[in-house]
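To convert a position in the sequence shown, counted from 1, into the numbering used here, add 8. Ideal Cβ positions, reconstructed from N, Cα and C, are used throughout, including at glycine. Keep in mind it's a predicted model, so treat the numbers as computed, not measured. Accompanying notes for the structure given below.
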Amino acid sequence: MAPRRPRAPASVPALARPASGPDMSQLRAAAAKGLRRSGGRAAPQQQQQQPARQSRKGASLRGGAPAPPPAPHLFSDPAEIEALRGNLLAWYDRCKRDLPWRTLATTELDADRRAYAVWVSEIMLQQTQVATVIDYYNRWMQKWPTLHALAQASLEEVNELWAGLGYYSRGKRLQEAARKVVSEMAGRMPRTAEDLQKLLPGVGRYTAGAIASISYGQATGVVDGNVIRVLCRLRCIGADSSSPPVIDRLWDMANTLVDRSRPGDFNQALMELGATVCVPKAPLCGECPVKQHCRARRRVEKELAFASQKLFGKPDPVPDVEDCGVGGCPLCPPATEPWDSSLGVTNFPRKAAKKQPRVVKTATCVLERRGCHGAPEYLIVQRPNSGLLAGLWEFPSLLLAQGLQEEKQQEALADHLQAWMGWPVAAGDLQLIGEVVHIFSHIHQTYVVYSLPLDGDVTLDPASSPSRWVTEEEFHASAVSTAMKKVLKAREKQRGKESSSVMGSKRKRGAKSQRAGSTSPGTQLSLRAFLRAPTAP
Numbered sequence: 009m010a011p012r013r014p015r016a017p018a019s020v021p022a023l024a025r026p027a028s029g030p031d032m033s034q035l036r037a038a039a040a041k042g043l044r045r046s047g048g049r050a051a052p053q054q055q056q057q058q059p060a061r062q063s064r065k066g067a068s069l070r071g072g073a074p075a076p077p078p079a080p081h082l083f084s085d086p087a088e089i090e091a092l093r094g095n096l097l098a099w100y101d102r103c104k105r106d107l108p109w110r111t112l113a114t115t116e117l118d119a120d121r122r123a124y125a126v127w128v129s130e131i132m133l134q135q136t137q138v139a140t141v142i143d144y145y146n147r148w149m150q151k152w153p154t155l156h157a158l159a160q161a162s163l164e165e166v167n168e169l170w171a172g173l174g175y176y177s178r179g180k181r182l183q184e185a186a187r188k189v190v191s192e193m194a195g196r197m198p199r200t201a202e203d204l205q206k207l208l209p210g211v212g213r214y215t216a217g218a219i220a221s222i223s224y225g226q227a228t229g230v231v232d233g234n235v236i237r238v239l240c241r242l243r244c245i246g247a248d249s250s251s252p253p254v255i256d257r258l259w260d261m262a263n264t265l266v267d268r269s270r271p272g273d274f275n276q277a278l279m280e281l282g283a284t285v286c287v288p289k290a291p292l293c294g295e296c297p298v299k300q301h302c303r304a305r306r307r308v309e310k311e312l313a314f315a316s317q318k319l320f321g322k323p324d325p326v327p328d329v330e331d332c333g334v335g336g337c338p339l340c341p342p343a344t345e346p347w348d349s350s351l352g353v354t355n356f357p358r359k360a361a362k363k364q365p366r367v368v369k370t371a372t373c374v375l376e377r378r379g380c381h382g383a384p385e386y387l388i389v390q391r392p393n394s395g396l397l398a399g400l401w402e403f404p405s406l407l408l409a410q411g412l413q414e415e416k417q418q419e420a421l422a423d424h425l426q427a428w429m430g431w432p433v434a435a436g437d438l439q440l441i442g443e444v445v446h447i448f449s450h451i452h453q454t455y456v457v458y459s460l461p462l463d464g465d466v467t468l469d470p471a472s473s474p475s476r477w478v479t480e481e482e483f484h485a486s487a488v489s490t491a492m493k494k495v496l497k498a499r500e501k502q503r504g505k506e507s508s509s510v511m512g513s514k515r516k517r518g519a520k521s522q523r524a525g526s527t528s529p530g531t532q533l534s535l536r537a538f539l540r541a542p543t544a545p
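See below:
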């Protein structure tokens, strides 16, 4: 659902957006040139880094705690904190999205059911977009409206409903925790963030804080990806935002800011701001309700003012864009990664480079037969109960060694199927369909897809993985991954091409026989043909 956003006042510039007019381009160019001349952030940090390192070392040798971050990176003014809370909550009340879990959180009177509703939403929303989650959430809550209902469900049912949502272990852990609450806690959810994190499997610090603040009104902050982005921009935090020291500081900041009277709404407002306004690449700075508290925005304004002075030939003072000014600051960008004027507020946050995903290739075979009504049926097998895609169903598959040639891949798959089914499978009988690529969070998976039609049933080794024949409709209702749905789609596309080819051949043969039985123009008819009575159309 699209968020309801207030219209930006015409007088407020959208600082994060690239300027379209030539004047703004000149300003930005001049600002960048001036910063290069003055050395940007790198020079002051280099000059003062060594003394700061010595002072930290001395503090640790004396057994003292590390020095707190410089004031520009903190929220230390009570008046500013109160103003930020008020502005953010007023905006949230006007512009928040209408989401099903928010409705339940405000209308459900039973504390345990309220906490369960929030818990399910927070688990589903991990690494998944809101638009994708809404339908899954509604179906889940309709099927299992309480902890007791979920505890009684089978893992197969959970996997079937979760299929397509990704990160499948989330559903399994959620059910395990629900069973623990029912069997060991008499169905009563823990009432504090500390106990939620300590007692429930799969519940981390963020999820515990969200449940406790939204469901029970505990004044505790939350830190997720959206909150990290907002806080880093508000206080120009340019160090690696995924590092433990920075994360700890962000948690301290979130706990300082959280509104004591409306902690759940405040935390949701902060996350909503990051999801709809303070977005990663094109933030809507003109619409931000807390822009007056944003140090990243203030820095952009200073650069534009300095560029204006340069453009119009005014005196050339050194721009006051050093928000911190403390060498070796643990929250400033490193000297090797100075401020980039072209990025504006999107200089923040900064993360370490992502690790490249592991490249994996798997041979997969779509085994099929004709069902009782002539429709195709497919053989699927169940994956182990641990590891990637645990407990889900898939077409028979074999992980391939790296660098294996296509011919060898086909032979390896044939040998695997033969050992699995107990009767000979010739590599030449496997028909290559093509490749299907699916990207997991840490794996770049390529499926080399083959098909193999069978005349009858297959008797499998009882010691092998569970298996069953399914129709296309049953396949999509089963707990299968999105990758396997792509594999079946590739097979159906190939079948469509085969059908088109067969129909084309029939039309050609029909046209050829029709030409053979007719007389071409200009050919003289025989007397018998001329006198033959015409046939009815």
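Going by the DSSP bridge assignment, what does residue i pair with across the sheet?
i, result
"residue 378", "384"
"residue 405", "372"
"residue 440", "458"
"residue 189", "For residue 189, which the question treats as bridged, DSSP gives no partner whatsoever."
"residue 453", "368, 446"
Return yes when the Cβ of residue j is within less than 8 Å of the Cβ of residue i, no when it is not.
i, j, result
"residue 185", "residue 153", "no"
"residue 215", "residue 271", "no"
"residue 377", "residue 253", "no"
"residue 431", "residue 404", "no"
"residue 389", "residue 474", "yes"
"residue 420", "residue 412", "yes"
"residue 147", "residue 169", "yes"
"residue 230", "residue 255", "no"
"residue 391", "residue 450", "no"
"residue 6", "residue 126", "Residue 6 lies beyond the stretch modelled for the chain, which goes from 9 to 545, so this question has no answer here."
"residue 490", "residue 379", "no"
Mind reading off the beta-carbon distance from residue i to residue j? Whole number of angstroms is fine, and I expect it under 8 Å.
i, j, result
"residue 369", "residue 408", "5 Å"
"residue 196", "residue 120", "6 Å"
"residue 277", "residue 155", "Contact flag wrong, Cβ pair sits at about 28 Å."
"residue 136", "residue 173", "6 Å"
"residue 487", "residue 167", "3 Å"
"residue 104", "residue 280", "6 Å"
"residue 297", "residue 237", "That belief does not hold up - the Cβ atoms of residue 297 and residue 237 are roughly 15 Å apart, past 8 Å."
"residue 303", "residue 80", "7 Å"
Is residue i helix, strand or coil when you go by DSSP?
i, result
"residue 3", "Residue 3 is absent from the model: the chain starts at 9 and stops at 545."
"residue 38", "Because residue 38 sits at a pLDDT of 42, beneath the cut-off of 50, its placement in the model cannot be relied upon, and the point is left open."
"residue 52", "In this prediction, residue 52 has a pLDDT of 34, which is less than 50 and means its spatial position is unreliable; nothing more can be read from the coordinates."
"residue 179", "helix"
"residue 496", "helix"
"residue 389", "strand"
"residue 198", "coil"
"residue 266", "coil"
"residue 546", "Because the chain here runs from 9 to 545, residue 546 falls outside it and cannot be looked at."
"residue 477", "strand"
"residue 138", "helix"
"residue 358", "strand"
"residue 248", "strand"
"residue 71", "The predicted model places residue 71 with a pLDDT of 41, which falls under 50 and marks its position as unreliable; any figure quoted below should be read in that light. Reduced to three states, the DSSP call for residue 71 is coil."
"residue 230", "coil"
"residue 488", "strand"
"residue 271", "helix"
"residue 173", "coil"
"residue 291", "coil"
"residue 463", "coil"
"residue 410", "coil"
"residue 157", "helix"
"residue 483", "helix"
"residue 221", "helix"
"residue 347", "coil"
"residue 32", "Note that residue 32 has pLDDT 41, beneath the 50 cutoff, so the model's placement of it is unreliable and no number is given."
"residue 394", "coil"
"residue 319", "helix"
"residue 83", "coil"
"residue 203", "helix"
"residue 254", "helix"
"residue 298", "coil"
"residue 505", "helix"
"residue 539", "Per-residue confidence for residue 539 stands at a pLDDT of 44, beneath the threshold of 50, marking its modelled position as unreliable; the derived number appears in the next sentence. Helix at residue 539."
Measuring only from the beta carbon, is residue i closer than 7 Å to any heavy atom that is part of the ligand SAM?
i, result
"residue 269", "For the structure depicted, the ligand SAM is absent and the ligand set is empty, with no information on it obtainable."
Given 8 Å, three or more beta-carbon pairs between the segment 498-505 and the segment 441-457: Short answer: they touch.
The segment 245-252 contacting the segment 280-289, beta-carbon criterion three pairs below 8 Å: Counting C-beta pairs closer than 8 Å gives fewer than three between the segment 245-252 and the segment 280-289, which falls short of the contact rule.
Contact between the segment 339-357 and the segment 377-394 (3+ Cβ pairs under 8 Å): The segment 339-357, when compared against the segment 377-394, does not touch it at the 8 Å Cβ threshold.
Three CB pairs or more closer than 8 Å across the segment 100-119 and the segment 211-226: The answer is yes - the segment 211-226 touches the segment 100-119, with three or more Cβ pairs under 8 Å.
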